[in-house]
């Protein structure tokens, strides 16, 4: 298992980590990234190159998100006795745009969002934590 900061969530690093099937890589992702759903063009009769990327998944824009594949919400208590609501959402089979030498459309990953809320319902941290698991 490898844990890394957002600098290692690049297409090159994703392709390199996919070469080792026993390796699980968990990266933090910047909240301004744009990923893609996989395309569902299987019964295609058009000529030309197949479409590699589906609809956009903008981390900052909730209207581009589909329903998460998995979701969990629970309450945690801090050492000072304050209650926090933790909400974790997960989307599977997400892909990113690659580069010439790093074709990332063949390497889908899981995208995880972690939000911590105060008891009042307001976000505890300014932004949610985004993780990429490949």
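Residue numbers (this note's numbering): 27 to 160.
Positions of the beta carbon are idealized from the N, C-alpha and C atoms, including for glycine.
Bear in mind the structure is a predicted one, so any value in this text is a computation, not a measurement.
How do the segment 106–114 and the segment 125–142 stand: do at least 3 beta-carbon pairs fall below 8 Å, yes or no? yes
What's the C-alpha gap between residue 88 and residue 56? 15 Å
Could you check the C-alpha separation between residue 33 and residue 66 for me, to the nearest Å? 30 Å
Would you call the CB atoms of residue 120 and residue 100 closer than 7 Å? no
Per DSSP, what kind of secondary structure is residue 145 in: helix, strand or coil? coil
Cβ neighbours of residue 124 in the same chain (closer than 6 Å, five flanking residues each side left out): 37 and 130
For the alpha helix (DSSP H) holding residue 39, just list the boundary residues, first then last. 37–44
Apart from the five residues just before and just after residue 81, which ones in its own chain have a Cβ nearer than 6 Å to its Cβ? 63
Closest Cα partner of residue 150 within the set 102, 157 and 138: 102
I believe residue 94 touches residue 115 by the beta-carbon criterion, under 8 Å. Please report the beta-carbon distance rounded to the nearest angstrom. 4 Å
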